[in-house]
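Novice: Taken in sequence, the protein lines are chains V and D.
Numbered per the numbering used here, the first sequence spans residues 11 to 518.
Numbered per the numbering used here, the second sequence spans residues 11 to 518.
My questions will all concern the structure given below.
2 protein chains.
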Amino acid sequence: MTSKQETAYQQLKDRLATISDLQSVQSLLFWDQQTYMPKGAVAGRAEQRATLSRLSHEMLVDAETGRLLDASGEPDPSSERGALLRRARRDYERAAKMPADLVARTSRVTALSESAWVRAREESDWTLFAPHLEEILSLKREAAEFLGYEHHPYDALLDAYEPGAKKARLETMFEELKRGIVPLIRAVAEQSAERGRDSEDRAAPLYGRFGEDRQEEFGRAVISAFGYDWGRGRQDRSVHPFCVGPGHGDVRITTRFDPGWLSPALFGTMHEAGHALYTQGVNQDYARTPLDGGTSMGVHESQSRLWENLVGRSRPFWACYYSKLQELFPEALKEVDAEGFYRAINVLEPSEIRVEADEVTYNLHILLRFELEAALIEGSLSIADLPTAWNAKMEEYLGIVPKNDSAGVLQDIHWADGLFGYFPTYTIGNVLSVQLFDAALKAHPGITEQIENGEFSVLLGWLRENVHRHGSRYYPDELIERVTSRPLDPAPYLSYLNNKFGELYELV
Amino acid sequence: MTSKQETAYQQLKDRLATISDLQSVQSLLFWDQQTYMPKGAVAGRAEQRATLSRLSHEMLVDAETGRLLDASGEPDPSSERGALLRRARRDYERAAKMPADLVARTSRVTALSESAWVRAREESDWTLFAPHLEEILSLKREAAEFLGYEHHPYDALLDAYEPGAKKARLETMFEELKRGIVPLIRAVAEQSAERGRDSEDRAAPLYGRFGEDRQEEFGRAVISAFGYDWGRGRQDRSVHPFCVGPGHGDVRITTRFDPGWLSPALFGTMHEAGHALYTQGVNQDYARTPLDGGTSMGVHESQSRLWENLVGRSRPFWACYYSKLQELFPEALKEVDAEGFYRAINVLEPSEIRVEADEVTYNLHILLRFELEAALIEGSLSIADLPTAWNAKMEEYLGIVPKNDSAGVLQDIHWADGLFGYFPTYTIGNVLSVQLFDAALKAHPGITEQIENGEFSVLLGWLRENVHRHGSRYYPDELIERVTSRPLDPAPYLSYLNNKFGELYELV
């Protein structure tokens with residue numbers, strides 16, 4: 011590296027640090043809005059968020075960023091410096107391809123469509139939302155053209171959340187998942203029908219009177235044991251749980267408590283803590299650079315799912331933790347044993363709402379969205395036909411027709427927010443969570459026994475070393491290959507599901 | 011106004027709105043740091059704050075701001091547009107006079123000196139802080155030269171907090187205050203000595219067991235009655251209470267609770283709510299302009315003091331509220347009647363610490379700081395001689411020699427933060443609070459009776475109409491003249507103090 015290149019590189023890093031500050035402050039504005047902000051501040055907050063996103067966008071796409079990138083020399087992606095330059099160039103080029111006017115229009119249209127969606131969902135009235143979605147779709151198709159793609163316009167959008175992901179590869183993955191999951195769901199349904207077992211009975215232990223403070227106490231104890239660092243984070247309440255990093259050394263989670271139902275806070279806390287452990291584990295030297303934070307939404311979701319499902323819905327975990335839970339809720343859980351509780355948190359049954367779906371059927375909810383949004387983007391499906399198409403696929407994949415559009419096509423906020431191409435990252439996360447967990451178990455077979463003892467240091471240590479610390483240094487495909495010596499592969503995930511639910515429902 | 015001027019004016023307003031957003035977001039960063047931010051985020055938060063202040067400073071001093079100001083036409087200060095242009099030009103010119111390098115050095119030096127001050131105060135070791143203060147003083151003297159002044163370098167610094175204030179005029183004001191206050195203090199001391207009355211006995215009702223939740227409940231009830239708008243604000247806890255506006259429609263206060271002492275939360279809540287009422291009352295059309303927020307620190311302090319002292323430490327207020335307080339703390343207050351409580355919250359006695367001083371002696375604490383900092387700035391006093399000078403003035407004005415430097419020259423954070431010229435605004439606020447309250451009473455003599463009934467709408471309405479809604483439209487002198495038909499005048503304040511404490515201590 012010449013000294014001229016070094017100078018340019020340092021200037022580039024300063025510039026990126028400023029952009030990173032503006033983005034992390036954005037996260038604080040979001041966090042505050044969801045937790046403590048008074049209602050009267052809504053309009054002012056919207057202005058602040060618009061101002062910061064405009065400033066950071068302007069600074070990123072400024073010709074000076076391009077000049078410094080060029081002047082910093084050819085990136086060697088095997089070095090940290092090279093990885094930083096590669097990621098910075100990617101961010102710069104994606105942002106620079108988007109005309110400022112399109113960015114501004116998208117921001118205005120989604121701001122309006124979000125509140126239209128809220129009303130439409132409340133009233134289950136598709137016509138209130140359809141014209142907004144029409145506009146958003148047209149902006150997204152425009153964006154895909156500006157961003158460019160080789161095979162399919164949907165690829166251009168996917169890439170925002172999952173660098174390198176392609177529609178064609180996802181189709182293959184979903185095809186394989188469908189082939190494994192649909193028969194499993196059918197087998198469980200048949201077995202349940204045969205033995206007259208009711209899912210409601212099975213899930214009953216999760217319902218009752220569960221004081222919120224005690225739920226919180228339990229959740230805090232669990233994620234403290236996972237390794238969540240309270241010195242660099244905190245937990246608050248919000249209607250929709252999330253994890254956010256409003257600054258270096260600051261990774262916060264939020265939780266929703268239901269005093270009559272254990273699941274949302276219990277698994278929500280573990281889920282968000284899984285995201286937080288990833289972000290807290292990134293190499294400290296990456297602070298205020300494009301390498302800070304997770305490499306993709308899919309890899310992020312693999313971490314939240316791993317802690318929520320592979321740890322939190324596992325028998326070894328509850329072998330240790332069930333007695334503690336029972337101590338906190340002696341009344342509600344007095345007639346439930348650990349095995350009954352384990353069965354309650356693992357009921358497999360098709361249902362209308364994605365966020366309440368079990369581990370298995372969840373992926374069919376995603377498949378449906380993936381197919382529909384890709385069809386919308388390519389133009390083979392119209393907004394007018396979307397509700398019908400939704401219901402048809404629900405019936406085909408899950409044997410259910412939603413009772414109304416609120417419980418159907420209007421249930422998720424994603425499209426109202428313009429997030430086309432985001433949904434598949436949920437299933438990528440599910441698939442990857444098992445692939446990574448298997449690799450961890452292979453390296454350290456004692457992990458299961460540790461979990462039975464309420465210890466998680468070996469598992470966390472392995473994740474830290476192999477996934478977390480790298481932040482965004484590697485693209486998802488590189489990271490997966492590096493850690494598991496294979497590309498993303500649904501086979502381990504399917505055998506995990508078949509083993510777990512086959513045993514639970516005595517299918518063998 | 012030509013259409014060219016109109017275009018420039020609109021562009022200027024957009025630019026100022028962006029700057030205003032950056033500044034209000036700064037306030038949120040501050041609020042979060044004082045309330046909920048995890049410890050591990052300190053370094054990252056410092057970077058975020060530095061980035062935002064650099065960006066807003068750069069945008070303000072950019073030549074484009076000057077060009078737009080020039081192109082917007084001659085401001086007519088009698089119009090809102092003119093007032094906005096005048097204030098914007100003032101902000102621009104003050105900022106543009108300061109070399110970027112001096113701003114950056116000041117920010118670095120104060121960041122270090124703040125933590126040095128914390129340690130020095132903890133260990134009561136002046137030598138730990140003196141070299142830092144030496145550096146700050148030299149930067150402040152440099153700043154005064156760049157900012158320019160007619161008569162005294164201190165004027166240049168004062169102007170930052172109190173536009174138009176001058177050392178010479180403040181000297182006259184303090185001289186008059188001293189002439190009135192010193193004999194009052196002496197008379198009370200003599201009377202107390204004569205009758206053997208102990209201040210400690212008098213203040214006893216404020217000490218005891220006061221549950222924090224109930225203290226909070228009482229404080230919330232009081233400021234709700236004052237008119238604090240919870241839809242556009244909130245109350246949290248912090249070590250040092252403050253009021254901050256982290257966005258339009260968002261004015262938050264914080265409170266410190268002491269379970270063994272009523273005063274901090276009780277009067278702190280009213281004080282911060284007084285600031286908040288001012289900010290909440292500004293004309294909504296001034297949002298994101300330089301006219302939003304209070305016109306000066308002194309006028310701001312007049313509002314906090316008015317609610318804290320003229321309402322909150324008055325007999326009419328407690329005629330209504332004492333029974334409510336007693337209901338909340340039946341045990342601690344069972345042997346105290348309303349009159350005893352009124353005397354407890356109005357003990358006059360010289361003491362070491364400014365923030366714990368009574369209404370009367372408080373101003374001598376300020377006088378001392380005013381004289382010392384002006385002498386430091388003009389170079390007639392050296393840092394080395396400061397502790398001695400401090401103690402000498404404490405003895406002269408209050409008859410007390412602080413037991414150590416922590417309780418003396420090291421007690422306030424202001425100088426460590428580079429806030430030279432700030433202290434006098436506290437006494438300006440005290441003086442003005444009475445001048446305004448008298449004007450309100452003259453317009454609406456029924457205010458006292460309203461307060462006795464726990465109603466504050468006429469008082470608040472008058473303040474809204476005459477002070478709050480104008481925001482920064484008028485400079486302090488203009489506002490005072492406009493509302494009270496006179497310049498700032500200590501006479502009403504002195505007669506308020508003499509009447510109140512003369513009666514309390516039976517001096518007549």
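Glycine is no exception: its CB is placed at the ideal position from the N, C-alpha and C atoms.
In chain order, what residues of the same chain have a beta carbon less than 6 Å from the beta carbon of Leu386 of chain D, not counting five sequence neighbours either side?
Specialist: As a working mapping, residue 386 of chain D is identified with position 376 in the second sequence. Answer for Leu386 of chain D: Leu147, listed in chain order.
Novice: According to DSSP, is Val309 of chain V part of a helix, a strand, or is it coil?
Specialist: Stepping through the first sequence from its first residue, residue 309 of chain V is reached at position 299. It is helical.
Novice: With 8 Å set as the bound, which would you pick, yes or no: does the beta-carbon of Pro48 of chain D sit closer than that to a beta-carbon of chain V?
Specialist: As a first step, residue 48 of chain D must be located in the second sequence, where it is residue number 38. Yes, contact with chain V.
Novice: Using a C-beta to C-beta distance shorter than 9 Å, which residues of chain D count as neighbours of Val35 of chain V?
Specialist: Start at 1 with the first residue of the first sequence, and residue 35 of chain V comes out as number 25. In chain order: Val35, Leu38, Leu39, Gln58, Thr61, Leu62.
Novice: Mind pulling the chain V residues with CB within less than 8 Å of His258 of chain D?
Specialist: Taking the second sequence and counting its residues from 1, one reaches residue 258 of chain D at position 248. Within chain V, the residues near His258 of chain D are Ala51, Ala53, Gly54, Glu57.
Novice: Jot down the residue ranges of each uninterrupted alpha helix (DSSP H) in the segment 70 to 133 of chain D, minimum 4 residues, whole runs only, in chain order.
Specialist: Here the runs fully enclosed are 73 to 81, 90 to 107, 110 to 133.
Novice: For the segment 234 to 252 of chain D, list every residue whose C-beta sits within 9 Å of some C-beta in chain V, in sequence order.
Specialist: Hits within the stretch, in order: Asp239, Trp240, Gly241, Arg242, Gly243, Arg244, Asp246.
Novice: Could you work out which residue in D:Gly257, D:Ile233, D:Leu451 is closest to Leu38 of chain D when comparing CA atoms only?
Specialist: On the second sequence, position 28 is the one that residue 38 of chain D refers to. Out of D:Gly257, D:Ile233, D:Leu451, D:Gly257 has the C-alpha closest to the C-alpha of Leu38 of chain D.
Novice: In terms of DSSP beta bridges, what is Cys330 of chain D paired with?
Specialist: As a first step, residue 330 of chain D is located in the second sequence; it is residue number 320 there, counting from the start. None; Cys330 of chain D has no bridge partner.
Novice: Sort V:Ser234, V:Leu473, V:Glu513, V:Asp80 by Cα distance to Val292 of chain V and report the nearest one.
Specialist: As a position in the first sequence, residue 292 of chain V is number 282, starting the count at 1. With distances taken between Cα atoms, Val292 of chain V lies closest to V:Leu473.
Novice: Do Ile233 of chain V and Ala283 of chain V have their CB atoms nearer than 8 Å?
Specialist: By one-based count along the first sequence, residue 233 of chain V stands at place 223. By one-based count along the first sequence, residue 283 of chain V stands at place 273. Contact: yes.
Novice: Can you tell me where the alpha helix (DSSP H) holding Pro256 of chain D begins and where it ends?
Specialist: As a working mapping, residue 256 of chain D is identified with position 246 in the second sequence. Counting along the chain, Pro256 of chain D falls outside any alpha helix (DSSP H), though it belongs to the beta strand (DSSP E) covering 253 to 257.
Novice: Taking C-alpha atoms, which residue in D:Arg96, D:Arg179, D:Tyr332, D:Ala213 lies nearest to Asp499 of chain D?
Specialist: Taking the second sequence and counting its residues from 1, one reaches residue 499 of chain D at position 489. If we check each option's Cα against that of Asp499 of chain D, D:Arg179 comes out closest.
Novice: The beta strand (DSSP E) with Val261 of chain D in it runs from where to where?
Specialist: For this step, residue 261 of chain D is matched to residue 251 along the second sequence. Run containing Val261 of chain D: 260 to 265, per the beta strand (DSSP E) assignment.
Novice: Mind checking if Asp31 of chain V is an interface residue toward chain D, Cβ cutoff 8 Å exclusive?
Specialist: Stepping through the first sequence from its first residue, residue 31 of chain V is reached at position 21. So, interface residue.
Novice: On the DSSP bridge assignment, give the partners of Gln245 of chain V in chain order.
Specialist: In the first sequence, residue 245 of chain V corresponds to position 235, counting from 1. Looking at the DSSP assignment, Gln245 of chain V forms a beta bridge with V:Ile263.
Novice: Going by beta carbon distance, what residues of the same chain come within less than 7 Å of Asn373 of chain V, once the five residues before and after it are set aside?
Specialist: Along the first sequence, read from residue 1 onward, the residue named residue 373 of chain V stands at position 363. Within the same chain, Asn373 of chain V has close Cβ partners Leu187, Ile191, Thr437, Asn440.
Novice: Taking only runs that begin and end inside the segment 321 to 394 of chain D, name each unbroken beta strand (DSSP E) of 3 or more residues, in chain order.
Specialist: DSSP runs (the beta strand (DSSP E)) wholly in the segment 321 to 394 of chain D: none.
Novice: Tell me the DSSP secondary structure of Asp487 of chain V in three-state form.
Specialist: Translated into the one-based positions of the first sequence, residue 487 of chain V becomes position 477. Of the three classes helix, strand and coil, the one that applies to Asp487 of chain V here is helix, per DSSP.
Novice: Quick one: what's got a C-beta closer than 8 Å to Gly243 of chain V's C-beta in the same chain, skipping five residues either side?
Specialist: The residue given as residue 243 of chain V occupies position 233 in the first sequence. Excluding residues within five positions, the ones whose Cβ falls inside 8 Å are Asp260, Val261, Arg262, Ile263, Ala286, Gln290.
Novice: For Tyr288 of chain V versus Gly270 of chain V, is the C-beta distance shorter than 8 Å?
Specialist: Start at 1 with the first residue of the first sequence, and residue 288 of chain V comes out as number 278. Start at 1 with the first residue of the first sequence, and residue 270 of chain V comes out as number 260. Not in contact: Tyr288 of chain V and Gly270 of chain V (Cβ atoms no closer than 8 Å).
Novice: Which residues bound the alpha helix (DSSP H) around Asn401 of chain D?
Specialist: Here residue 401 of chain D corresponds to residue number 391 of the second sequence, with the count starting at 1. That run of the alpha helix (DSSP H) goes 396 to 408.
Novice: Skipping 5 residues on each side, what residues in its chain have a beta carbon closer than 8 Å to that of Asn463 of chain D?
Specialist: As a first step, residue 463 of chain D is located in the second sequence; it is residue number 453 there, counting from the start. Contacts found: Cys330.
Novice: Going by C-alpha to C-alpha distance, which of D:Asp169, D:Glu459, D:Pro85 sits closest to Gly308 of chain D?
Specialist: Within the second sequence, numbered from 1, the residue matching residue 308 of chain D stands at position 298. When each option's Cα is compared against that of Gly308 of chain D, the closest is D:Asp169.
Novice: Given that a residue counts as buried once 16 or more other Cβ atoms are within 10 Å of its Cβ, and exposed if not, what is Val444 of chain V?
Specialist: Counting from one through the first sequence, the residue named residue 444 of chain V turns up at place 434. Burial call: buried.
Novice: Is Asp268 of chain V helix, strand or coil when you go by DSSP?
Specialist: As a first step, residue 268 of chain V is located in the first sequence; it is residue number 258 there, counting from the start. Note: Asp268 of chain V maps to strand in three-state DSSP.
Novice: Distance cutoff 8 Å, beta carbons only. Does Leu65 of chain D sit that close to anything in chain V?
Specialist: Within the second sequence, numbered from 1, the residue matching residue 65 of chain D stands at position 55. With 8 Å as the cut-off, Leu65 of chain D counts as an interface residue toward chain V.
Novice: What's the gap between the Cα of Asn509 of chain V and the Cα of Ala501 of chain V?
Specialist: Residue 509 of chain V sits at position 499 when you count from the first residue of the first sequence. Residue 501 of chain V sits at position 491 when you count from the first residue of the first sequence. Cα to Cα, the separation comes out at about 12 Å.
Novice: To the nearest angstrom, how far is it from the Cα of Ala110 of chain D to the Cα of Val128 of chain D?
Specialist: Here the question's residue 110 of chain D lines up with position 100 in the second sequence. Here the question's residue 128 of chain D lines up with position 118 in the second sequence. Between Ala110 of chain D and Val128 of chain D, the C-alpha separation is close to 28 Å.
Novice: Any contact between the segment 62 to 80 of chain D and the segment 336 to 347 of chain D? By contact I mean 3 or more CB pairs, one from each, below 8 Å.
Specialist: Output reads no: the segment 336 to 347 of chain D does not touch the segment 62 to 80 of chain D.
Novice: Check whether the Cβ atoms of Ser112 of chain V and His142 of chain V lie closer than 8 Å to each other.
Specialist: In the first sequence, residue 112 of chain V corresponds to position 102, counting from 1. In the first sequence, residue 142 of chain V corresponds to position 132, counting from 1. Before going on, a small fix: residue 112 of chain V reads as Leu here, not Ser. Result no, Cβ atoms of Leu112 of chain V and His142 of chain V do not sit closer than 8 Å.
Novice: Helix, strand or coil: which one does DSSP assign to Tyr217 of chain V?
Specialist: Residue 217 of chain V sits at position 207 when you count from the first residue of the first sequence. Tyr217 of chain V falls in the strand class under three-state DSSP.
Novice: Got a sec: is the Cβ-Cβ distance from Arg298 of chain D to anything in chain V below 8 Å?
Specialist: If you number the second sequence from 1, residue 298 of chain D lands on position 288. For Arg298 of chain D, the answer is yes, since a Cβ of chain V falls inside 8 Å of its Cβ.
Novice: Determine the closest residue to His310 of chain V out of V:Ala126, V:Ile490, V:Ala203, V:Lys14, with distance taken between C-alpha atoms.
Specialist: Here the question's residue 310 of chain V lines up with position 300 in the first sequence. Nearest C-alpha to His310 of chain V: V:Ile490.
Novice: Got a sec: is the Cβ-Cβ distance from Asp42 of chain V to anything in chain D below 8 Å?
Specialist: Here residue 42 of chain V corresponds to residue number 32 of the first sequence, with the count starting at 1. It does: the Cβ of Asp42 of chain V has a partner Cβ on chain D nearer than 8 Å.
Novice: Quick one: which chain D residues come within Cβ less than 7 Å of Thr279 of chain V?
Specialist: Walking along the first sequence from the start, residue 279 of chain V turns up at place 269. The premise fails here: Thr279 of chain V is roughly 17 Å from chain D at the closest Cβ pair, so nothing lies under 7 Å.
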